[in-house]
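When the letters of the sequence shown are read in order and numbered with this note's numbering, they come out as residues 111 to 338. Glycine included, each C-beta is placed from N, C-alpha and C at the ideal position. Here the structure is a predicted model, which means the values were calculated and not measured. See structure below.
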Amino acid sequence: MGAKGCVNVLLKLLVFQGLFVSRPQEDFDFFYFVLQWPGAYCDTSRACCYPTSGKPAADFGIHGLWPNYNGGSWPSNCDPDSQFDRSQISDLVSSLKKNWPTLSCPSNEGFNFWEHEWEKHGTCSESVMDQHEYFENALKLKQKANLLQILKNSGINPDDGFYNLDKITNAIKDGIGFTPGIECNKDPERNAQLHQIYICVDTSGTEFIECPVLPRGSCPSQIQFSKF
Ligand code: U2P
């Protein structure tokens, strides 16, 4: 082979490698997009702390966007070299404070929560989105789901009332087109209350899908929708 042939082969090899190295296949099957009801997070014996910007709106807040496997397990902390970098999401911070508020103690701005979610979960979806896209996609998904409005439209309000679990599930199914997972926790009187809603999302992080596997149910048939 002459010099020209060698260069040709080398070029082909580089292109071939580029195709596979720069676009690795996603190494998870779907996402859980998890929203939490602040009234339930705060109404436990552990209680909560409002963020430094004050009491969040009475709305579902984002907990996280979690890569998952069809078998029900999930990867975590996939890339210690990809640390949370607040400068990459500076344009999203005001929206994150509103839509992804922290409720853990002691009070803080929220960066600890977002850092935890990026490092534990976001780093496992780096094959499809970078840090900015991870947070941006989650914010867009929350807008698209509009869960509180869907529930209110079905007469399900955060008024400390008890509601039928299937009624809640079906209202969300009718609203977004896919069956959600519902997770409960217990208030100090041991009442089961609506705590988190899981919606499944495709590997691009943008489209709702039917869940390959639902989180294990933790709610009885009647659950409280607590005030906040
Ligand atoms: O359920 C307790 C904590 O486990 C993590 N979790 C749970 C289900 C799942 O599919 N994926 C997952 O990561 C969550 O941890 P966190 O992000 O809050 O640290 C969940 O709170």
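Which residue's Cα is closest to the Cα of residue i: the options?
| i | options | result |
| --- | --- | --- |
| Val203 | Ser214, Glu225, Pro290 | Glu225 |
| Gly285 | Asn222, Pro322, Pro190, Ala255 | Ala255 |
| Gln303 | Lys337, Pro325, Val311 | Lys337 |
Using a 10 Å radius around the Cβ and a threshold of 16 neighbouring Cβ atoms, would you call residue i buried or exposed?
| i | result |
| --- | --- |
| Phe272 | exposed |
| Ser355 | Nothing about residue 355 can be reported from this structure: the residues present for the chain run from 111 to 338 only. |
| Gln259 | exposed |
| Pro298 | exposed |
| Asp195 | exposed |
Where does residue i sit, in a helix, a strand or coil, going by DSSP?
| i | result |
| --- | --- |
| Glu219 | coil |
| Phe318 | strand |
| Val203 | helix |
| Pro177 | strand |
| Cys294 | strand |
| Tyr142 | strand |
| Phe288 | coil |
| Val131 | Interpretation of Val131 is limited by its pLDDT of 45, a score under 50 that renders its predicted location unreliable; the figure taken from the coordinates is listed afterwards. In this structure, Val131 counts as helix in the three-state DSSP scheme. |
| Phe245 | helix |
How long is the line joining the alpha carbons of residue i and residue j, rounded to whole angstroms?
| i | j | result |
| --- | --- | --- |
| Ile307 | Asp191 | 31 Å |
| His231 | Gly265 | 34 Å |
| Gly171 | Phe143 | 11 Å |
| Glu243 | Glu236 | 10 Å |
Tell me whether the beta-carbon of residue i lies closer than 8 Å to the beta-carbon of residue j.
| i | j | result |
| --- | --- | --- |
| Glu136 | Thr313 | yes |
| Asn209 | Thr316 | no |
| Cys321 | Cys310 | yes |
| Trp176 | Phe223 | no |
| Leu257 | Ser205 | no |
| Phe288 | Phe318 | yes |
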